[in-house]
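Protein chains: 4
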Amino acid sequence: MNFASDNWAGAHPAISQSLLAASAGFSAPYGASELDHQIEQRFNELFEREVAVYFVSTGTAANSLALAAVNRPGGVSFCHREAHMLEDECGAPEFFTHGARLAPVDGDNGKIDPQQLKAEIRRFPPNFVHAGQPMAISITQATEIGTLYQPDEIAAIAQIAQNYHLPLHMDGARFANALVALNLTPAEMTWKLGVDILSFGATKNGCWCAEALIFMNPALGKDLPFIRKRAAQLMSKSRFVACQFEAYLKADLWLELARHANAMAQRLQIGITNSMKARLAWPAEANEVFAILDKHLATQLQEQGAVFYTWNPPHAKPDLLNENEILIRLVTSFATELDQVDRLIAALG
Amino acid sequence: MNFASDNWAGAHPAISQSLLAASAGFSAPYGASELDHQIEQRFNELFEREVAVYFVSTGTAANSLALAAVNRPGGVSFCHREAHMLEDECGAPEFFTHGARLAPVDGDNGKIDPQQLKAEIRRFPPNFVHAGQPMAISITQATEIGTLYQPDEIAAIAQIAQNYHLPLHMDGARFANALVALNLTPAEMTWKLGVDILSFGATKNGCWCAEALIFMNPALGKDLPFIRKRAAQLMSKSRFVACQFEAYLKADLWLELARHANAMAQRLQIGITNSMKARLAWPAEANEVFAILDKHLATQLQEQGAVFYTWNPPHAKPDLLNENEILIRLVTSFATELDQVDRLIAALG
Amino acid sequence: MNFASDNWAGAHPAISQSLLAASAGFSAPYGASELDHQIEQRFNELFEREVAVYFVSTGTAANSLALAAVNRPGGVSFCHREAHMLEDECGAPEFFTHGARLAPVDGDNGKIDPQQLKAEIRRFPPNFVHAGQPMAISITQATEIGTLYQPDEIAAIAQIAQNYHLPLHMDGARFANALVALNLTPAEMTWKLGVDILSFGATKNGCWCAEALIFMNPALGKDLPFIRKRAAQLMSKSRFVACQFEAYLKADLWLELARHANAMAQRLQIGITNSMKARLAWPAEANEVFAILDKHLATQLQEQGAVFYTWNPPHAKPDLLNENEILIRLVTSFATELDQVDRLIAALG
Amino acid sequence: MNFASDNWAGAHPAISQSLLAASAGFSAPYGASELDHQIEQRFNELFEREVAVYFVSTGTAANSLALAAVNRPGGVSFCHREAHMLEDECGAPEFFTHGARLAPVDGDNGKIDPQQLKAEIRRFPPNFVHAGQPMAISITQATEIGTLYQPDEIAAIAQIAQNYHLPLHMDGARFANALVALNLTPAEMTWKLGVDILSFGATKNGCWCAEALIFMNPALGKDLPFIRKRAAQLMSKSRFVACQFEAYLKADLWLELARHANAMAQRLQIGITNSMKARLAWPAEANEVFAILDKHLATQLQEQGAVFYTWNPPHAKPDLLNENEILIRLVTSFATELDQVDRLIAALG
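Protein chains in written order, with this note's numbering: chain P, 1 to 349; chain Z, 350 to 698; chain U, 699 to 1047; chain V, 1048 to 1396.
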């Protein structure tokens, strides 16, 4: 009953087979192989336009290099207070931008509130050098707490980005989970709404190491080849990333895997609600379920083999818990098995 | 007839099988899995002492983080003028050290000359802030031009490092090739001679993505966990690196692969010498052969399917070539097939 | 009626005379002159211990290099939400620390609340690389809003710093104003309470360019000579900074100037209170008075020649103002004349 | 007999008087005062075009921020092997550019050889990410060894800069000395020849702290306000820099001071040549004389009160000295007195 995180899962067999199949032969390294180029072309099709695609080794690298690409001296990027880049990347975004700052923006359900965003941006009047200058906005889809920006919510933020001439980045570590939940195409969830840069994550959804940084307008990422190489993120045998993406995108495997993960989360959510022994902290919209339960019950679950993390209540909801309760996070993935979900639900009572 | 580089090769089947076998199940991410810990233990055995091991995604990352670990303000690291970190890493070592400098040191055959090294270090008198301060020495084994530091040569540089209280780093992108060529153990080629930090490369020798940064004295790398994470080099599904190393080190596969590569280079070297149509630029001591031949002949080889890079003559040997000649680099690897070597030799004349 | 800021003032005549007197002759540059060493010795006396003193050109440089001296990868420094280093230095602290982060801590009256501080520090569990690691605490004395940490308040924060093994920095841009207001010695307001590093500002209090970074324990700043030079903060004709400090510290000129500035602020405060036309936002404890008044009245004052800045209400006090009111900041300095204060009070009504 | 360096001199009385005169009153800080704007206008007149002027506190800051303004990831700037930015700034240019590299270019007499420059630039083929990318060329006028680029020599380098689309920076720490020696106007020695960015130094020539970074095309420096502030180089009482420049430029004081320094150097040079006890290492063209003499004689001079530095022979001239000889540098300045020059000459023999 492992619900610790989607990066506790291994790799989908199709991905591993693809790696095996790609083992033989010689090809140009550093992204110059035929397969690399084919996958780049595949992303063009996927996004229905010519995009620029850069493979990197981690989601943190994708996020950090996205900001590095649009870096400004004294720059400030706006993201949700609970964003991964702010909370869980050990200052990598600051490091790769030579000290540009991340400014937390509040908002319910893990999503940036547009009014708060505007208020934060306005704290940096143009040409007031003392405060620094806005340089980017970043949203996470699905969010760190398993919720989703609806298309109109993305559009509202994109409008603000446009008004202030700021590029809009999407951290898509769980892009596929969001996509299938919203029943949108990649284009519909990104550039058609105003997203400029995407961290396209595949590692959590069945690959072992496949992350791509995508610029909807290639010109915006024109410095990326040098930025990425200098960041030690240009892998020599890059074609092995390419072959993971090949298998991942083939015949919509990625969507299928994400649908499975989301379905498992929905089943979990229903089971929790029906159990009357725990309650949802907020609706699970992708593949993460946050539940509130009695501390003793949580311990019992763990004793029965359930693996999960406890979570801090959101900054905006300090009163979410009673003192006898804890908040737990249950993450499902392509590898989550139905009977494990049902065992957990059964264990709840 | 692909002799372009050892990173043009794919992955050894045993490595790919290991990845496949590791696909199932759940394990702790970010280096915390049982397998990660087993491999760390394996490295302890390999080096006959307790070392600190950090997996990273590229050799450039290993080299750059090695320097970051011993960083000083205004720091200057000494490496050979033709070192990979100086010539081929797009300023990554400078970036990861926030601007510490690499100072080129000359020396024949791709190896740092100890006298030159001392002269360069002396250009930085202690406490003379204007010049900056020495912070590390880095050697490459096997070197960028396929030669080897003999044990006493490493010891001589290590003695200088010790005299000036500088850590000694070894870029071991082709560590295995050097090891089997010199018939030394990992301990004998490193810390027993005075090497403090090692970039242990496995990617060029049969893995697809397996690089480790090793501190012979773990205390020297005490900041590495944060440095690595901040550098976006802590891979979530790190156990897939671990499983590559597992297969790589098992039953001395890595040594076997390196021996094969070296043997192919020796065969190539002999063939070239005997051909009378080309001459060696310098002796091939590991898995790289540098040959000088007529430009027309080089073109003919390429037309017959040979793939290789031309190379600039070393800074110290401007008169190496006649005007009708070029210098070419032929790299062999675990994947180089005997008949390909023989075809190339045959094509020579 | 200029109350815009204490950096709108010029230089005290004694400072300028000192510069003039120091013009002739030759002396060793880069901090090596006899005068430089004398002033260093003077600081030892002032602080009643052997300290390390580094002159720099701006307060921002002093603050940023203080953090650079204790830098850690993924480092996080804690300061008040309204601290100058967080709000008004364009990311310089992040830049000089290669991306270390500033974490805002709340607290009333511009002062860090110890409980909040502990809560913030606890968000970074030891060895949890994802979050980064604590590296320093910084307090501002006098604070950005003209209040003062009482000795026991500094001691309480110092205790936390000690518990978490964090160095404690004091931004003393208005050090003298605080010192005379609290009637403490430099030693009593700093290391005797647990302050490790001090940005000792003299520019706002009568010099034109004299800032010093002081390490109470010289070993903590051992890298500073290289850090400062690399930061382009080692001035060649450094003795002209030294001679400003000479005149500044001579016969307690600095304390006299600060007492004057504070007295002017007190007079202003009393006048405002008595006017019944404006009210204090909070008590003025050093040389800054924050007053709330009707917007029209503020405009009238400006029309009569008063120069001052409007201020945003503190984050913690969103309800400080009615919609017809504004918050203004009135700063006094060594150069503020009594009759200007009285004119402003008279203009209030 | 102080010939140690022009930064051992103090400040010219006119400069110090100007500081004294500027002491009273209130003005806008951070470069916003009327005087700041007047001086900016004065620079426009001086350069016969609208330029952008940024005051900074050190020459190292000017040089480093010049490169920061044109920074590129993996960037490489080309300067002479003996350039101050390469030899004497403790890695500040690398620090302010987040690790961009300085590539040494050889050339006689302290001047970049255009053929060598082209050869170095060609080592970085466009889009070859491994090597990095060219980003700027920097020349020093007068050079570190007291020689001068003739106008056609600057033009030749500017042509290369233009061909490779690289900005051309001039380190003008001794700009005035070069200007009067060549009898050119500021415009004629800079943008009319193709110089894009100038570090305009006044500190060595009579100010105590007055350095300006000048962009001939203001658009090239458009990020400088934020870059400078983030670099802790925006001085609050900036008008005191402005008033130094005011006095410096008034009635051509600066040219007069530079003419004096150069004349003293010429007198020294003639005296040395005539003495037959020492010989010139190369012709002194500005205010620095490099002489070769017997070690014993050098010691005798020092015993008689002469202050100077010994110098390393240029990289390109290893055979400049006999083993009994040393190379010394004698620097003159606005403060050098005729009788001191004559005393030194007399002391020579």
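Backbone N, C-alpha and C define an ideal beta-carbon position, used for all residues, glycine too.
Between residue 1189 of chain V and the rest of its own chain, which residues show a CB-CB distance below 6 Å, the 5 nearest in sequence each way excluded? As a working mapping, residue 1189 of chain V is identified with position 142 in the fourth sequence. Only 1195, 1221, 1224, 1225 and 1333 meet the Cβ criterion.
Distance, Cα to Cα, residue 51 of chain P vs residue 220 of chain P? In the first sequence, the residue the question calls residue 51 of chain P occupies position 51. In the first sequence, the residue the question calls residue 220 of chain P occupies position 220. Annotation: residue 51 of chain P to residue 220 of chain P spans about 10 Å, alpha carbon to alpha carbon.
Kindly indicate if chain P contains any beta-carbon less than 8 Å away from that of residue 1120 of chain V. Taking the first residue of the fourth sequence as position 1, residue 1120 of chain V is located at position 73. Chain P has a Cβ within less than 8 Å of the Cβ of residue 1120 of chain V.
Just to confirm, is the Cβ distance from residue 519 of chain Z to residue 547 of chain Z under 8 Å? On the second sequence, position 170 is the one that residue 519 of chain Z refers to. On the second sequence, position 198 is the one that residue 547 of chain Z refers to. Yes; because the gap between Cβ atoms is below 8 Å, this pair is in contact.
Using a cut-off of 8 Å between C-beta atoms, extract the partners of residue 828 of chain U located in chain P. Residue mapping note: residue 828 of chain U aligns to position 130 of the third sequence, counting from 1. Per Cβ cutoff of 8 Å: 87, 88, 89 and 90.
Three-way DSSP call (helix, strand, coil) for residue 642 of chain Z in this model: Along the second sequence, read from residue 1 onward, the residue named residue 642 of chain Z stands at position 293. DSSP, reduced to helix, strand and coil, places residue 642 of chain Z within a strand of the structure shown.
Ignoring anything shorter than 4 residues or poking outside the segment 1244 to 1331 of chain V, list the alpha helix (DSSP H) runs there in chain order. If you keep only unbroken alpha helix (DSSP H) runs of at least 4 residues inside the segment 1244 to 1331 of chain V, you get 1271 to 1277, 1286 to 1296 and 1300 to 1322.
Determine the burial state of residue 894 of chain U: buried for a count of at least 16 other Cβ atoms within 10 Å of its Cβ, exposed for fewer. Your numbering for residue 894 of chain U matches position 196 in the third sequence. Note on residue 894 of chain U: 16 or more other CB atoms within 10 angstroms of its CB, so buried under the neighbour-count rule.
Using the DSSP secondary-structure output, state which residues sit across from residue 313 of chain P in a beta bridge. Taking the first sequence and counting its residues from 1, one reaches residue 313 of chain P at position 313. Bridge partners of residue 313 of chain P: none, in fact.
Go through its chain and collect everything with a Cβ distance to residue 1355 of chain V's Cβ below 7 Å, but skip five positions before and after it. For this step, residue 1355 of chain V is matched to residue 308 along the fourth sequence. These residues qualify, in order along the chain: 1050, 1051, 1375, 1376 and 1377.
Which residues, in chain order, does the segment 914 to 941 of chain U contribute to contact with chain Z at a C-beta distance below 9 Å? The segment 914 to 941 of chain U vs chain Z, Cβ under 9 Å: 921, 922, 923, 924, 925, 926, 927, 928, 929 and 932.
Could you tell me whether any Cβ in chain Z is nearer than 8 Å to the Cβ of residue 1145 of chain V? Stepping through the fourth sequence from its first residue, residue 1145 of chain V is reached at position 98. So yes, residue 1145 of chain V belongs to the interface.
Supposed contact pair residue 238 of chain P and residue 47 of chain P - C-beta distance, whole angstroms, cut 8 Å: For the purposes of this step, residue 47 of chain P is taken as residue 47 along the first sequence, with counting starting at 1. For the purposes of this step, residue 238 of chain P is taken as residue 238 along the first sequence, with counting starting at 1. The pair is not a contact, with the Cβ atoms about 20 Å apart (cut-off 8 Å).
With a 10 Å radius around its C-beta and 16 neighbouring C-beta atoms as the bar for buried, classify residue 1 of chain P as buried or exposed. Numbered from 1 along the first sequence, position 1 holds the residue referred to as residue 1 of chain P. Buried.
Measure how close the beta-carbons of residue 709 of chain U and residue 952 of chain U come, nearest whole angstrom, since I'm counting them as under 8 Å. Against the third sequence, residue 709 of chain U aligns to sequence position 11. Against the third sequence, residue 952 of chain U aligns to sequence position 254. Between residue 952 of chain U and residue 709 of chain U the Cβ distance is about 13 Å, and since that is not below 8 Å, they are no contact.
Would the segment 30 to 45 of chain P count as touching the segment 56 to 72 of chain P if we require 3 or more Cβ pairs under 8 Å? No, the segment 30 to 45 of chain P does not touch the segment 56 to 72 of chain P.
Can you say whether residue 450 of chain Z is buried or exposed, counting buried as having 16 or more other CB atoms within 10 angstroms of its CB? For the purposes of this step, residue 450 of chain Z is taken as residue 101 along the second sequence, with counting starting at 1. Burial call: buried.
Would you please verify whether the beta carbon of residue 450 of chain Z is less than 8 Å from any beta carbon of chain V? Against the second sequence, residue 450 of chain Z aligns to sequence position 101. With 8 Å as the cut-off, residue 450 of chain Z counts as an interface residue toward chain V.
Range of the contiguous alpha helix (DSSP H) that encloses residue 713 of chain U: On the third sequence, residue 713 of chain U is found 15 positions in, with the first residue counted as 1. Residues 711 to 719.
Residues that DSSP places opposite residue 838 of chain U in a beta bridge: Taking the third sequence and counting its residues from 1, the one referred to as residue 838 of chain U is at position 140. In the DSSP assignment, residue 838 of chain U forms a beta bridge with U/869.
Work out the CA separation of residue 627 of chain Z and residue 653 of chain Z for me, nearest whole Å. Along the second sequence, one-based indexing puts residue 653 of chain Z at 304. Along the second sequence, one-based indexing puts residue 627 of chain Z at 278. Residue 653 of chain Z and residue 627 of chain Z have their alpha carbons spaced roughly 17 Å apart.
Put residue 1076 of chain V into one of helix, strand or coil per three-state DSSP. Within the fourth sequence, numbered from 1, the residue matching residue 1076 of chain V stands at position 29. DSSP places residue 1076 of chain V in coil when its eight states are reduced to three.
Less than 8 Å between the beta carbons of residue 419 of chain Z and residue 482 of chain Z, yes or no? Along the second sequence, read from residue 1 onward, the residue named residue 419 of chain Z stands at position 70. Along the second sequence, read from residue 1 onward, the residue named residue 482 of chain Z stands at position 133. No, these two residues do not count as a Cβ contact at 8 Å.
Does the beta-carbon distance from residue 521 of chain Z to residue 683 of chain Z come in below 8 Å? In the second sequence, counting from the first residue as 1, residue 521 of chain Z sits at position 172. In the second sequence, counting from the first residue as 1, residue 683 of chain Z sits at position 334. With respect to residue 683 of chain Z, residue 521 of chain Z sits apart: the two C-beta atoms are not nearer than 8 Å.
With which residues is residue 87 of chain P paired in a DSSP beta bridge? Numbered from 1 along the first sequence, position 87 holds the residue referred to as residue 87 of chain P. Partner(s): none; residue 87 of chain P has no beta bridge.
Where does residue 538 of chain Z fall in DSSP's three states? Within the second sequence, residue 538 of chain Z is the residue found at index 189, counting from 1. Correct three-state label for residue 538 of chain Z: helix.
At least one CB of chain P closer than 8 Å to the CB of residue 793 of chain U: is that the case? In the third sequence, counting from the first residue as 1, residue 793 of chain U sits at position 95. Taking Cβ atoms only, chain P reaches closer than 8 Å to residue 793 of chain U, which makes this a yes.
Since residue 855 of chain U is in the alpha helix (DSSP H), which residue starts that stretch and which ends it? Here residue 855 of chain U is taken as the residue at index 157 of the third sequence, counted from 1. Residue 855 of chain U -> alpha helix (DSSP H) spans 849 to 861.
Using Cβ-Cβ distances below 9 Å, what residues of the segment 356 to 378 of chain Z are close to chain P? Going along the segment 356 to 378 of chain Z in chain order, one finds 356, 357, 358, 359, 360, 361, 362, 364, 365, 366, 368, 369, 370, 371, 372, 373, 374, 375, 376, 377 and 378 with a Cβ nearer than 9 Å to chain P.
With a threshold of 8 Å, are at least 3 pairs of Cβ atoms found where one atom belongs to the segment 221 to 228 of chain P and the other to the segment 11 to 21 of chain P? Per the Cβ contact rule, the segment 221 to 228 of chain P is not in contact with the segment 11 to 21 of chain P (fewer than 3 Cβ pairs under 8 Å).
Helix, strand or coil: how does DSSP classify residue 742 of chain U here? Counting from one through the third sequence, the residue named residue 742 of chain U turns up at place 44. Helix at residue 742 of chain U.
Counting only beta-carbon separations shorter than 8 Å, does residue 77 of chain P have a partner in chain Z? By 1-based counting over the first sequence, the position of residue 77 of chain P is 77. For residue 77 of chain P, the closest Cβ of chain Z is not nearer than 8 Å.
Extent of the continuous alpha helix (DSSP H) run through residue 112 of chain P: As a working mapping, residue 112 of chain P is identified with position 112 in the first sequence. First-last for residue 112 of chain P: undefined, no H or E at that position.
Are there 16 or more other CB atoms within 10 angstroms of the CB of residue 580 of chain Z, so buried, or fewer, so exposed? As a working mapping, residue 580 of chain Z is identified with position 231 in the second sequence. Buried is the label assigned to residue 580 of chain Z, since at least 16 other Cβ atoms lie within 10 Å of its Cβ.
Closest residue to residue 463 of chain Z among Z/488, Z/479 and Z/439 (Cα-Cα distance): By one-based count along the second sequence, residue 463 of chain Z stands at place 114. With distances taken between Cα atoms, residue 463 of chain Z lies closest to Z/488.
Please report whether the beta-carbon of residue 133 of chain P lies at a distance below 8 Å from any beta-carbon of chain V. As a first step, residue 133 of chain P is located in the first sequence; it is residue number 133 there, counting from the start. At least one chain V Cβ lies under 8 Å of residue 133 of chain P.
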